[in-house]
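Asks: Residue numbers (our numbering): 20 to 129. Got a structure for you, questions after.
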Amino acid sequence: CKARGLQEMDLLGHSIGGNIAAAFAERYPQRIRRLILLSPAGLCPEPKDYREKLRNAPWRIRLMFSFWRRGSSPMMLVRCLPRKRGRQLCSRTVTRWVGKAASTMDSDTV
C-alpha cells in the first residue's frame, strides 16, 4: 500500500491465500477497506462432527473431498476436460455465481 501511495485497499485471498490475507488484515487493519475470503483453507479447526457428516454426505460430495485430500482442485479437474467443454463449464458456473451474488449486492457494492 505505502509503496503505491494507497491509503487502503480491497484484499482478496483464495484457498490458502485466504489465510495469508486474513493474517495481513489482522496485522494491518488500517490498510484494509474490504477483506474478501474466497474458499479460504486452513482458517478454522475441523468441526467435531465433520467426519461423520462427510461419511453421510452424498457421493458427489465425498468424491470431491477425496480429490481435494489428494491435492486436486476443481480447476485441475476442469483442465482435464477438452478445452471447449472446460470453457463452457467455467462460463456457466461464473454466470450462475455472478447472478446469485449480484442479487444480494446493492449498487454501492458493485
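We put the beta carbon where it would ideally sit given N, CA and C, even for glycine. None of the values given here were measured: they were computed from a predicted structure.
Under a three-way DSSP split, which group does L30 fall into?
Replies: Reduced to three states, the DSSP call for L30 is strand.
Asks: In chain order, what residues of the same chain have a beta carbon less than 6 Å from the beta carbon of I55, not counting five sequence neighbours either side?
Replies: Around I55: L31.
Asks: Rounding to the nearest angstrom, what Cα-Cα distance links R106 and G90 in this structure?
Replies: Looking at the two C-alpha atoms, the distance is approximately 22 Å.
Asks: Tell me the rounded alpha-carbon separation between A132 and D29.
Replies: Lying before the first or after the last residue shown, residue 132 is absent from the chain, which here runs from 20 to 129.
Asks: R53 by DSSP, collapsed to three states: which one?
Replies: Three-state DSSP puts R53 in a strand.
Asks: Please classify G37: is it buried, with 16 or more other beta-carbons within 10 angstroms of its beta-carbon, or exposed?
Replies: Looking at its Cβ environment, which holds 16 or more other Cβ atoms inside 10 Å, G37 is buried.
Asks: Please state whether the Cβ-Cβ distance between Q26 and R46 is less than 9 Å.
Replies: Cβ atoms of Q26 and R46: not closer than 9 Å.
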